[in-house]
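Heads up, the sequence shown is in the numbering used here, so the first residue is 4 and it goes up one at a time. Just below is one structure, and these are the notes that go with it.
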Amino acid sequence: MSSNSPPFGGAPDTPEPWQATRAQTALATQVMRRAEDDADPEQKEIGRPVGANERELFVSCAPAEALQQQIDHLDPEFIAVHDIGTTSSRRLLAGIAAAGKRAVQKLHIRRQGYGTTLATLEYVELPTSDGSRLLMYSTEADADTASRHDLARTLLANSRLSVIMVGELPSHTLEAAFKPLHADILGGHWRNRHVLVLPLSGASTVAHTAAELGRGSVVDVRTTPQVTRPADAWGFINGTWARIRELLPARGSAPAGVRPSGFPPVAAPAQPPAQPPAATTPPLAMRPMPAVPTSRQRSAEPPLSASLLDRYVHQLGELTGMVSCCVFELASGKALAHAGASPGADDLANHGTELLASIAGTCRAMGLGHAIPDAAITLGAHHLLLRAVPKHPGLALHAVLDKTHANLTLARLQVQRMDAIFDEPAA
């Protein structure tokens, strides 16, 4: 035996040529980043473009599972709009797109290798003050029943804000419709912390039923007054986003108490050390979009302008005993017009929002409806008046009167008569 031959059972001193390829075959399968992901990280979007307003995503698993993987991988910012007892979410998207001179876009989820369309989702891109990408999806997918339910749950659970549009339903049907959603919040992969409920009818049970939705969780559920126009819905959504955007946690870390997704994670190349996302990624700030009146309202109701609001509050300020008054947005607590001295606009708007929310919550708990209260509160030296601005949902008036100079009954009558200013034809 040659002295260069290895002993029985031993290994040769130099590896065989084929062994040089062993390291290449031991790599784990990874989903690699696309070139456009690194080129423009703020413009990442699910799927690849196949047209001006269409994208497609090829999958080898269930549509909802694939969508969850993409959300975990790309971490997009979006709002989800869900329907209960109505089919209004797509119409809302169409109205917002038309107002912003944009198009409704579609995401087609197709079977890998066959090209069969498994589901189609519709969404619109919303403008933001810093140019960041913010999308609004309708959960009403074109898919089979099981996939439609799973896709809706995935979108609602991972959105920054979930908007639920509720049609006219009997109380028992409404409760049954909310139960699966409540179960998903308590028992699933639920990252979302804000739910906004938009009643499309005057059913008094909507607010009470919606209040039960967040029970036992950290999800904040808010119900608006009745919504009758796309512009009203957008006003509440925009106001809610403005209120919560400063509180948004950075993406990439699940809030406490939320279990990680049961879907397999999407691997990606290791990134160099960097600052935590919380310190480098500012929250999105949505710009107001144009109103979306219907054709009938376009001719019958002129838009509410700042000059009209200013005129309204200044005429109120001339009433005997009026100290200060302010018109503000209920959803955001933002002051829109003010007349008088102290308290100032911000104080009247903030405390007016709190007072109306407290009174409305008591009314809902007692089963007395959810309309904006028309309230008068008598203090030691002043009267407070709180009421809705007529014909303009989402706006309210907070007025302070001097008790020694103002007759409360007469003042309320005079304020009601001042509503005629909103019936005057536009100049």
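Where a beta carbon is used, it is the ideal one built from N, C-alpha and C, also for glycine. Fair warning: this is a prediction, and the values are worked out from it, not measured in the lab.
Taking the straight line between their C-alpha atoms, what separation do you get for residue i and residue j?
{"i": "Leu177", "j": "Thr243", "result": "24 Å"}
{"i": "Ala340", "j": "Val169", "result": "31 Å"}
{"i": "Gln229", "j": "Arg105", "result": "27 Å"}
{"i": "Ile434", "j": "Ile167", "result": "Residue 434 falls outside the range modelled here, since the chain spans only 4 to 430, and no answer is possible."}
{"i": "His76", "j": "Leu416", "result": "59 Å"}
{"i": "Arg114", "j": "Leu60", "result": "9 Å"}
{"i": "Ser92", "j": "Glu57", "result": "19 Å"}
{"i": "Thr89", "j": "Leu129", "result": "23 Å"}
{"i": "His408", "j": "Lys337", "result": "29 Å"}
{"i": "Leu413", "j": "Gly347", "result": "24 Å"}
{"i": "Tyr117", "j": "Ala83", "result": "29 Å"}
{"i": "Gly370", "j": "His211", "result": "8 Å"}
{"i": "Asp350", "j": "Glu143", "result": "41 Å"}
{"i": "Lys109", "j": "Val392", "result": "38 Å"}
{"i": "Leu138", "j": "Leu95", "result": "13 Å"}
{"i": "Gly383", "j": "His354", "result": "18 Å"}
{"i": "Thr435", "j": "Thr356", "result": "Given that the chain is displayed from residue 4 to residue 430, the structure contains no residue 435 and the question cannot be resolved."}
{"i": "His385", "j": "Ser165", "result": "40 Å"}
{"i": "Val107", "j": "Asp145", "result": "15 Å"}
{"i": "Asp405", "j": "Val127", "result": "49 Å"}
{"i": "Cys329", "j": "Gly103", "result": "30 Å"}
{"i": "Arg420", "j": "Gly217", "result": "41 Å"}
{"i": "Asp147", "j": "Thr231", "result": "30 Å"}
Going by the DSSP bridge assignment, what does residue i pair with across the sheet?
{"i": "Leu137", "result": "Leu129"}
{"i": "Thr120", "result": "Arg113"}
{"i": "Ala381", "result": "Note on identity: in this sequence residue 381 is Thr, with Ala being the wrong assignment. Bridge partners of Thr381: His386."}
{"i": "Asp86", "result": "Met168"}
{"i": "Thr1", "result": "Outside the displayed range of the chain (4 to 430) lies residue 1, so it cannot be described from this structure."}
{"i": "Met325", "result": "Leu404"}
With burial defined as no fewer than 16 other Cβ atoms inside 10 Å of the residue's Cβ, what is the status of residue i: buried or exposed?
{"i": "Glu321", "result": "exposed"}
{"i": "Ser310", "result": "exposed"}
{"i": "Arg367", "result": "buried"}
{"i": "Ile380", "result": "exposed"}
{"i": "Gly54", "result": "exposed"}
{"i": "Asp235", "result": "buried"}
{"i": "Thr365", "result": "exposed"}
{"i": "Arg163", "result": "buried"}
{"i": "Ser174", "result": "exposed"}
{"i": "Ser361", "result": "exposed"}
{"i": "Leu359", "result": "buried"}
{"i": "Ala149", "result": "exposed"}
{"i": "Gly190", "result": "exposed"}
{"i": "Ala378", "result": "exposed"}
Measure from the alpha carbon of residue i to the alpha carbon of each residue in the options, then state which is nearest.
{"i": "Leu184", "options": "Ser92, Thr208, Leu387 and Val222", "result": "Val222"}
{"i": "Asp422", "options": "Leu216, Leu319, Ala342 and Gly324", "result": "Leu319"}
{"i": "Cys64", "options": "His197, Leu138, Leu154 and Arg415", "result": "Leu154"}
{"i": "Asp187", "options": "Arg156, Ile424 and Ala69", "result": "Arg156"}
{"i": "Thr123", "options": "His111, Pro130 and Gly116", "result": "His111"}
{"i": "Ala67", "options": "Phe239, Asn161 and Leu129", "result": "Asn161"}
{"i": "Leu172", "options": "Ser204, Ala146 and Ser165", "result": "Ser204"}
{"i": "Arg196", "options": "Ser220, Phe181 and Ala214", "result": "Ser220"}
{"i": "Asn410", "options": "Ala402, Thr323, Ser165 and Thr356", "result": "Thr323"}
{"i": "Trp193", "options": "Gln71, Ile424 and Ala352", "result": "Gln71"}
{"i": "Tyr2", "options": "Glu215, Leu404, Asp426 and His85", "result": "Lying before the first or after the last residue shown, residue 2 is absent from the chain, which here runs from 4 to 430."}
{"i": "Ala180", "options": "Ala146, Gly190 and Glu215", "result": "Glu215"}
{"i": "Ser135", "options": "Thr356, Ala102, Val107 and Pro79", "result": "Pro79"}
{"i": "Tyr140", "options": "Thr120, Glu125 and Cys329", "result": "Glu125"}
{"i": "His85", "options": "Ile240, Leu159, Pro52 and Asp145", "result": "Leu159"}
{"i": "Val418", "options": "Leu389, Lys406 and Asp405", "result": "Leu389"}
{"i": "Gly101", "options": "Gly217, Trp237, Asp145 and Ala69", "result": "Per the sequence presented here, residue 101 reads as Ala, with Gly not at that position. Comparing Cα positions, the closest option is Trp237."}
{"i": "Arg246", "options": "Phe239, Ser335 and Ala378", "result": "Ser335"}
{"i": "Thr131", "options": "Arg51, Arg218, Asp147 and Asn241", "result": "Asn241"}
{"i": "Met325", "options": "Ala352, His401 and Phe331", "result": "His401"}
Apart from the five residues just before and just after residue i, which ones in its own chain have a Cβ nearer than 6 Å to its Cβ?
{"i": "Val209", "result": "Val169 and Pro202"}
{"i": "Leu333", "result": "Gly397 and Ala399"}
{"i": "Ala213", "result": "Val200, Val224 and Thr226"}
{"i": "Gln73", "result": "Ile49"}
{"i": "Phe81", "result": "Leu138, Tyr140 and Ser162"}
{"i": "Asp313", "result": "Ala340"}
{"i": "Ser327", "result": "Gly343, Ala344, Pro346 and Val403"}
{"i": "Ile424", "result": "Tyr315"}
Give every residue of the same chain whose Cβ lies closer than 7 Å to the Cβ of residue i, excluding the five residues on either side of it in the sequence, and list them in chain order.
{"i": "Gln278", "result": "Only weak support exists for where Gln278 lies, its pLDDT of 39 falling under 50; the coordinates are left without a value."}
{"i": "Pro268", "result": "Any answer about Pro268 is weak, because its pLDDT of 31 lies below 50 and its placement is not dependable; what the coordinates show is given next. These residues qualify, in order along the chain: Asp75."}
{"i": "Ser264", "result": "Note that Ser264 scores 31 on pLDDT, short of 50, meaning its location in the model is unreliable; the coordinates nonetheless yield the value given after this. Within the same chain, Ser264 has close Cβ partners Gln71, Asp75 and His192."}
{"i": "Arg151", "result": "Ala144"}
I'd like the list of long-range same chain contacts for residue i, defined as Cβ closer than 8 Å, with 5 residues on each side in sequence excluded.
{"i": "His317", "result": "Ala342"}
{"i": "Ile375", "result": "Pro228, Leu333, Leu359, Ala363, Arg390, Ala391 and Ala399"}
{"i": "Met292", "result": "Any reading at Met292 must be qualified, since the residue scores a pLDDT of 43, below 50, and its modelled position is unreliable; the value itself is stated next. These residues qualify, in order along the chain: Ile99, Ala102, Gly103, Leu129, Pro130, Trp237 and Asn241."}
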